[in-house]
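Line order of the protein sequences matches chains A and B.
Taking my numbering, I'd label the letters of the first sequence as residues 203 to 542.
Taking my numbering, I'd label the letters of the second sequence as residues 203 to 542.
2 protein chains.
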Amino acid sequence: MTLQKMVGLSIIATSLAFGASDLVQKAANAGLKPIPADKAALEKLTDPDKTVTPERVELGKKLYFEPRLSKSGLISCNTCHNLGMGGVDGVEAATGHQWTANPHHLNSPTVYNAVFASRQFWDGRSPDLEDQAKGPMQAMPEMAAAPSLVEARVNSMPEYVEAFKKAYGNDVKIDFNTITKTIGIFERTLVTPSRFDDFLNGKKDALSDTEKEGLKTFLAKGCTACHTGVALGGSMQKFPLVKPYKYANVGDFKGDKNGMVKVPTLRNITETAPYFHNGAIWSLKEAVQEMGRTQLGVDISDADAQKIVTFFGALKGRKPAIDYPQLPTITDKTPKPQMK
Amino acid sequence: MTLQKMVGLSIIATSLAFGASDLVQKAANAGLKPIPADKAALEKLTDPDKTVTPERVELGKKLYFEPRLSKSGLISCNTCHNLGMGGVDGVEAATGHQWTANPHHLNSPTVYNAVFASRQFWDGRSPDLEDQAKGPMQAMPEMAAAPSLVEARVNSMPEYVEAFKKAYGNDVKIDFNTITKTIGIFERTLVTPSRFDDFLNGKKDALSDTEKEGLKTFLAKGCTACHTGVALGGSMQKFPLVKPYKYANVGDFKGDKNGMVKVPTLRNITETAPYFHNGAIWSLKEAVQEMGRTQLGVDISDADAQKIVTFFGALKGRKPAIDYPQLPTITDKTPKPQMK
């Protein structure tokens, strides 16, 4: 290599590095934040009553994969929020007990990084994961189980009773509240640091040049007005804001009483098709363009949408390892599956 | 401890040990066999074309947990043969696509140790696991997917294509046959050595005294006429043989054209309720007594049935650890879920 070439490369490298620092700063200014690196910081997000301990997490994992929390005995949290598929089910409308689809054609949001959302459910009616877990378990088109059935099933299995005692002490009352709380505690561990976090944390080559281009476009278009914070989403926003959503008729969901809808996280978004609250859009590029139209009132070109989608690839996170749990054995006291 | 007491205990210990050796011999004479201890012996059970390699097992595991092999995208092998629940679903009749129950009310048999069965399916129509895997994937009340749909889904995901190349070489044809074969190869690894195997292998205290009593009763009643070999079952036998089955009307299944029905394995039987081909009996003790009546023409007393059930506890095996797999991401070529 000639000296000239070396100097030239060095200048390019410096300017790219400079560009990267600048971009990190811009991203930070727009409110984008990395996943807290240490567990302690993560646990600070947790109410003291919901302290994350290994025993509770392990028990919560069992309950998360436990189909006997559903009326039929066939549907678990993991059915619609599959930890092997980006935390979703990959179908348009959540479909549960008796093959019934969500009446508003609502799509199952990912459980990964859901801890970073300020509200839960598409209409934001739930404040946290522990509370959220109570919904699908009871909803007719999901797990369709009465709290009393859930409690009776869990309390009928001595291995569960032992595990609850280990997690909360011998005086624990194994009721619906404790059961759903424990699932929420497990879900708090489902965070997926990505190359984008590495980049925000100072690893300048964690994003490729085209991904950096995509991030710049993402920032320039104003997407961070809603897709910001650790979750790149998770807050409540008016939807649609500027122009009507072209698939609004699918399920006819109108958000909360003020027309607010929860902003989905963009983490692992390349794995969580189909998109929008009603799962009506399968193409991520089309989703970006439709968002531009409905929320920002701008036409995002094919080329720019593609750049943004390329950036989204860097949000695919490293999933926590999950040892598939061995679930307790039923006893003659365990209420039977009810298929109808 | 006095010398007398010590001598006394020593005599008891010797006689128990003697009894145990004798019992091992009796069990062996009745055809009961332990799970082969070394992997090589297990692999000898495998057709050369189905060689078990780590790459194939890992890929087979992904496919086993892959709901997108079903028409809807919601049902995987693991839905009905749940590896966390003794390899079954815990409901009476297998229930799949569109919440349709098996038309003969047939119960999902366990996948654990299914490799040791001489035939697959309740009517024994399939010779091995690789062939068996083709059935539920296509059956309307199960996964309901045409082979062409399964092939299109798998081939549309580059991560699967890469994994098949790694498992079988670059020239691999990723067709329905290769896909189901790979699932079968994974299933060959799902064996669960138990305390009973330890006992057969010479560890005399692996069974408690009451379990040894139960084994003696099991042998004395003649249960090993059908429940023998490594699987304690797995062959085809006339059913019912001596007296009518009291729940024969549930699903009205008549076995193969000669009235032969596959004998379920007794391994992990305490975890796989409900029992019989039509899942009509939830109590293991009742199942033992009904078997005595229909197959042996004997009334097994409550006390004897309880002893046998106690022995069955020693057949609960050590399950292989399963890292829950991260599944490939769909592309725009992936055929969409079909809920109807």
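Don't be surprised by glycine CBs; every beta carbon is placed ideally from N, CA and C.
Is it buried or exposed for residue i, if we count other Cβ within 10 angstroms and need 16 for buried?
i                      : result
residue 223 of chain B : exposed
residue 360 of chain B : exposed
residue 372 of chain B : exposed
residue 535 of chain A : exposed
residue 227 of chain B : exposed
residue 327 of chain B : exposed
residue 523 of chain A : exposed
residue 210 of chain A : Only weak support exists for where residue 210 of chain A lies, its pLDDT of 47 falling under 50; the value from the coordinates is given anyway. With fewer than 16 Cβ atoms within 10 Å of its Cβ, residue 210 of chain A is classed as exposed.
residue 481 of chain A : buried
residue 309 of chain B : buried
residue 520 of chain B : exposed
residue 507 of chain B : buried
residue 503 of chain A : exposed
residue 461 of chain B : exposed
residue 446 of chain A : exposed
residue 330 of chain B : buried
residue 281 of chain A : buried
residue 466 of chain B : buried
residue 451 of chain A : exposed
residue 305 of chain B : exposed
residue 255 of chain A : exposed
residue 493 of chain A : buried
residue 438 of chain A : buried
Report the neighbours of residue i on chain B: residues whose CB is nearer than 7 angstroms to its CB, in chain order.
i                      : result
residue 521 of chain A : 528
residue 513 of chain A : Ordered by position in chain B, no residue passes the 7 angstroms Cβ test against residue 513 of chain A, which lies about 16 angstroms from the chain.
From the DSSP secondary-structure annotation, give me the bridge partner or partners of residue i.
i                      : result
residue 510 of chain B : Note: residue 510 of chain B sits in no beta bridge, so no partner.
residue 463 of chain A : A:439
residue 525 of chain A : B:525
residue 284 of chain A : A:290
residue 302 of chain A : A:298
residue 477 of chain B : B:483
residue 519 of chain B : B:396
residue 234 of chain B : B:431
Within a Cβ cutoff of 6 angstroms, which residues of the same chain sit near residue i, ignoring the five residues on either side of it in sequence?
i                      : result
residue 279 of chain B : 266
residue 399 of chain B : 236 and 237
residue 362 of chain A : 356 and 530
residue 526 of chain A : none
residue 416 of chain A : 509, 510, 512 and 513
residue 215 of chain A : The pLDDT assigned to residue 215 of chain A is 44, lower than 50, so where the model puts this residue is not dependable; a value taken from the coordinates is nonetheless given after this. If we look at residue 215 of chain A and ignore the five residues flanking it on each side, it has no Cβ neighbours.
residue 443 of chain B : 497
residue 368 of chain B : 257
residue 449 of chain B : 482
Just to make sure I have the definition right: I need the residues of chain A whose C-beta is within less than 9 angstroms of the C-beta of residue i. Which are they?
i                      : result
residue 485 of chain B : 534
residue 300 of chain B : 301
Going along chain B, which residues have a C-beta under 8 angstroms from residue i?
i                      : result
residue 293 of chain A : 274, 275, 276, 539 and 541
residue 397 of chain A : Residues of chain B passing the Cβ test: none, with the nearest at roughly 16 angstroms.
residue 270 of chain A : 292
Which residues in chain B have a C-beta closer than 9 angstroms to the C-beta of residue i? List them in chain order.
i                      : result
residue 525 of chain A : 523, 524, 525 and 526
residue 394 of chain A : Those do not exist, as residue 394 of chain A stays about 11 angstroms from chain B at its closest Cβ, beyond 9 angstroms.
Residues in its own chain within less than 7 angstroms of residue i by CB, not counting five upstream and five downstream?
i                      : result
residue 397 of chain A : 408, 409 and 516
residue 208 of chain A : The predicted model places residue 208 of chain A with a pLDDT of 49, which falls under 50 and marks its position as unreliable; any figure quoted below should be read in that light. So the list is empty, once near-sequence residues are dropped.
residue 413 of chain A : 512, 513, 515 and 516
residue 268 of chain A : 278 and 529
residue 471 of chain A : 486, 514 and 517
residue 218 of chain A : Low per-residue confidence applies at residue 218 of chain A: pLDDT is 48, beneath 50, and the placement is therefore not dependable, though the value from the model is reported in the following sentence. So no residue of the chain qualifies.
Residues of chain A with a CB under 7 angstroms from the CB of residue i: which are they?
i                      : result
residue 285 of chain B : 526
residue 475 of chain B : 532
residue 297 of chain B : 276 and 541
residue 472 of chain B : 531
Cutting at 8 angstroms between CB atoms, please list the residues of its own chain near residue i, excluding the five before and the five after it.
i                      : result
residue 232 of chain B : 421, 426 and 430
residue 402 of chain B : 226, 229, 230, 234, 235 and 236
residue 340 of chain A : 346, 347, 348 and 349
residue 382 of chain B : 332, 333, 335, 336 and 339
residue 287 of chain A : 473
Indicate, with yes or no, if the ligand NAD has a heavy atom lying under 6 angstroms from the CB of residue i.
i                      : result
residue 521 of chain A : Inclusion of the ligand NAD in the displayed structure is not the case, the ligand content being empty and no account of it being possible.
Give the residues of chain A in contact with residue i, contact being defined as C-beta atoms less than 8 angstroms apart.
i                      : result
residue 361 of chain B : What residue 361 of chain B touches in chain A: nothing, since even the nearest Cβ is about 11 angstroms away.
residue 267 of chain B : 286
Legend entry - Unbroken stretches of the alpha helix (DSSP H), 4 residues or longer, contained in the region 321-401 of chain A: With a minimum length of 4 residues, the continuous alpha helix (DSSP H) runs that stay inside the region 321-401 of chain A are 331-334, 336-340, 349-357, 360-370 and 378-389.
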